[in-house]
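K.L.:
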Amino acid sequence: DSGVTQTPKHLITATGQRVTLRCSPRSGDLSVYWYQQSLDQGLQFLIQYYNGEERAKGNILERFSAQQFPDLHSELNLSSLELGDSALYFCASSVAAVNTEAFFGQGTRLTVV
Amino acid sequence: DQQVKQNSPSLSVQEGRISILNCDYTNSMFDYFLWYKKYPAEGPTFLISISSIKDKNEDGRFTVFLNKSAKHLSLHIVPSQPGDSAVYFCAASAKDGGSYIPTFGRGTSLIVHP
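Line order of the protein sequences matches chains U and R. What the first sequence shows, in this note's numbering, is residues 62 to 174, in sequence order. What the second sequence shows, in this note's numbering, is residues 4 to 117, in sequence order.
#1: Establish whether the CB of phenylalanine 107 of chain R and some CB of chain U are separated by less than 7 Å.
#2: Can the beta-carbon of serine 92 of chain R be found closer than 7 Å to that of glycine 110 of chain R?
#3: Since I believe serine 140 of chain U is in contact with valine 93 of chain U (beta carbons under 8 Å), could you give me their beta-carbon distance rounded to a whole number of angstroms?
#4: Mind reading off the beta-carbon distance from leucine 171 of chain U to aspartate 146 of chain U? Whole number of angstroms is fine, and I expect it under 8 Å.
#5: CB-CB under 8 Å to isoleucine 21 of chain R, same chain, minus the five flanking residues each way: which ones, in chain order?
#6: Could you name the residues of the region 43 to 68 of chain R whose beta carbon sits closer than 8 Å to any beta carbon of chain U, in the order they occur along the chain?
#7: Quick one: what's isoleucine 80 of chain R bridged to in DSSP?
#8: Following the continuous beta strand (DSSP E) through leucine 72 of chain U, name the residue where it begins and the one where it ends.
#9: Are at least three pairs of beta-carbons, each pair with one atom in the region 39 to 59 of chain R and one in the region 148 to 168 of chain U, less than 8 Å apart?
#10: In three-state DSSP terms, what is aspartate 121 of chain R?
#11: To which residues of the same chain is glycine 119 of chain U closer than 6 Å at the C-beta, ignoring the five residues directly before and after it?
#12: Under a Cβ-count criterion, where at least 16 other Cβ atoms within 10 Å of its own Cβ denotes burial, should proline 47 of chain R be classed as buried or exposed?
#13: Do tyrosine 103 of chain R and tyrosine 28 of chain R come within 7 Å of each other at the CB atom, strictly closer than that value?
#14: Check each candidate in R/Phe33, R/Asn25, R/Lys98, R/Ile51 and name the one with the smallest Cα separation from leucine 113 of chain R.
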């Protein structure tokens, strides 16, 4: 158990819909990262938050947004969903903004039908 | 354009033998490298890392070697155990705005046969 909690574990939704993925980081970790893993792809970095502020941005679509709340949990919002958005979405956390070692949650498997 | 490449999608090894997983990178700015292990239905788990100022880092049965001139790193597992069967991801990062964001390869699936 990494200490990072992601909910829900599975999500099935229709095209055009909007979903919210939630992540609770390990106790004491200030930094949260979101990654997307599509079929046969590596982990694609989406976005990082540190202590409530956006820290770094990767290949995140404009239809996607995220935020980190004062209690340090984070949410990833995916809107106008397309079939190609079906993937595993991982959240990771680390103590500092420097990602020398991140702890990953179990992921949320999103299926868009 | 893949900056971190794991060219072998899978590797099969006998228990007790050495497993060697390879990783190549193209970005010369990368200066920190990590290996993660992932079991099915779980998130990746950090395994071992190496800074570019070193060429070797060892942790128990796991050793990572870095060849900066060749832009190549490898993970050696000795001896391999059936419980090591998992997908192994190589990741590399470079300081950018004060934050290291790892770029991951596509992973190599290791199967260790009893």
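Every residue, glycine too, gets a C-beta built ideally from N, C-alpha and C.
P.N.:
To lay it out plainly:
#1: yes
#2: This sequence places phenylalanine at residue 92 of chain R; serine is not what is there. Going by C-beta atoms, phenylalanine 92 of chain R is nearer than 7 Å to glycine 110 of chain R.
#3: Contact doesn't hold; Cβ gap of about 20 Å is too wide.
#4: 7 Å
#5: His79, Ile80, Val81, Pro82, Ser83
#6: Ala44, Glu45, Gly46, Pro47, Thr48, Phe49, Ser52
#7: In the DSSP assignment, the residues bridged to isoleucine 80 of chain R are R/Ser22, R/Phe65.
#8: 71 to 74
#9: yes
#10: Absent from the model: residue 121 of chain R. The displayed extent of chain R is 4 to 117, so no value can be given.
#11: Phe106, Leu107
#12: buried
#13: No; because the gap between Cβ atoms is not below 7 Å, this pair is not in contact.
#14: R/Asn25
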